[in-house]
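Okay, structure first, notes after.
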């Protein structure tokens, strides 16, 4: 996605990932299409599902249910590859040219980024602090895994929406959905379709 390199899509590594992706279908129940992430989390909590591939924000659902990371449930990064796909939510402060509003925005920004708020918020929601100088020793076992991986820049990957336009991502998602729904499309055919989309967005 970063280089918009269609030839990389036809590599052995991509085909191996595509093959693994197709095998995951055998572990998904018929009711999964269009299921929200919190509904899937509820299935984990109730014991009617064994795993869910989702971001760490899902821990908010487990926290609300009174479950403890490392005890009633666990976490694995990158399907066992121990890499971290980063994404973020942001607050945007508009230019106002009004001193009183600018001051209010400054207060809000300082509050949101304070160590105490970062720690308290992420303990509830399940994400990780954006500050690297926060003592995270009180966060749960899953957060500790994430924080340890974040210390190694080589294990950090940018989220897709950091690298590609919405048009490209939507087009690739269409190919993903088609592949997931098909019982006959081969990894090679999937790669061809995926590469064709990437080629349309090459620099």
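Residue numbers (my numbering): 36 to 238. Even glycine gets a Cβ: it sits at the ideal position worked out from N, Cα and C.
Check whether the segment 177-194 touches the segment 117-127, taking contact to mean three or more Cβ pairs, one atom from each stretch, closer than 8 Å.
yes
Enclosing alpha helix (DSSP H) for residue 236 [first to last residue]:
Stepping through the chain shown from its first residue, residue 236 is reached at position 201. Neither: residue 236 is in no alpha helix (DSSP H) and is coded neither H nor E.
What number of angstroms, rounded off, separates the C-alpha of residue 141 from the C-alpha of residue 156?
If you number the chain shown from 1, residue 141 lands on position 106. If you number the chain shown from 1, residue 156 lands on position 121. Taking the straight line from one Cα to the other gives about 19 Å.
For the putative contact between residue 242 and residue 53, defined by C-beta atoms under 8 Å, what is the C-beta separation to the nearest angstrom?
Outside the shown range of the chain (36 to 238) lies residue 242, about which nothing can therefore be said.
Can you look up residue 247 in the DSSP assignment and give me helix, strand or coil?
The structure shown does not extend to residue 247, since the chain is modelled only from 36 to 238, so the question has no answer here.
Whole alpha helix (DSSP H) runs in the segment 161-201 with 4 or more residues, listed along the chain?
176-185, 195-198
Are the beta-carbon atoms belonging to residue 239 and residue 161 less than 8 Å from one another?
Because the chain spans 36 through 238 in this model, residue 239 falls outside it and cannot be assessed.
Is it a yes or a no for the segment 226-236 touching the segment 197-212, going by three-plus beta-carbon pairs under 8 Å?
yes
How would you write the range of the beta strand (DSSP E) that residue 120 sits in, first residue to last?
Indexing the chain shown from 1 puts residue 120 at position 85. Residue 120 -> beta strand (DSSP E) spans 119-121.
Specify the secondary structure class of residue 41 as computed by DSSP and reduced to three states.
In the chain shown, counting from the first residue as 1, residue 41 sits at position 6. Helix, per DSSP.
Which word fits residue 135, buried or exposed, when buried means at least 16 other C-beta atoms lie within 10 angstroms of its C-beta?
Taking the chain shown and counting its residues from 1, one reaches residue 135 at position 100. Flag for residue 135 reads exposed.
If you run the structure through DSSP and keep just helix, strand and coil, what is residue 84?
The sequence position of residue 84 within the chain shown is 49, counting from 1. Correct three-state label for residue 84: coil.
Any idea which residues DSSP pairs residue 216 with across the strands?
By one-based count along the chain shown, residue 216 stands at place 181. Paired residues: none, contrary to the question.
For residue 43 and residue 49, the rounded distance between their alpha carbons
Indexing the chain shown from 1 puts residue 49 at position 14. Indexing the chain shown from 1 puts residue 43 at position 8. Cα to Cα, the separation comes out at about 7 Å.
Spatial distance of residue 146 from residue 68 (CA atoms)
Here residue 146 refers to the residue found at position 111 when the chain shown is read from its first residue. Here residue 68 refers to the residue found at position 33 when the chain shown is read from its first residue. Looking at the two C-alpha atoms, the distance is approximately 39 Å.
Simplified DSSP assignment, three categories, for residue 226
Mapped onto the chain shown, residue 226 falls at position 191. Residue 226 falls in the helix class under three-state DSSP.
Count the other CB atoms, across all protein chains shown, that sit within 10 Å of the CB of residue 163; report buried if there are 16 or more and exposed otherwise.
Counting from 1 along the chain shown, the entry for residue 163 is found at position 128. The residue is buried, with at least 16 neighbouring Cβ atoms inside 10 Å.
Alpha carbons only, please: which of 90, 104, 85 is nearest the one belonging to residue 124?
In the chain shown, residue 124 corresponds to position 89, counting from 1. Comparing Cα-Cα distances from residue 124 to each of 90, 104, 85, the minimum goes to 90.
Let me confirm a value: residue 74 is counted as buried when at least 16 other C-beta atoms fall within 10 Å, else exposed. Which label applies?
Here residue 74 refers to the residue found at position 39 of the chain shown. Result: exposed.
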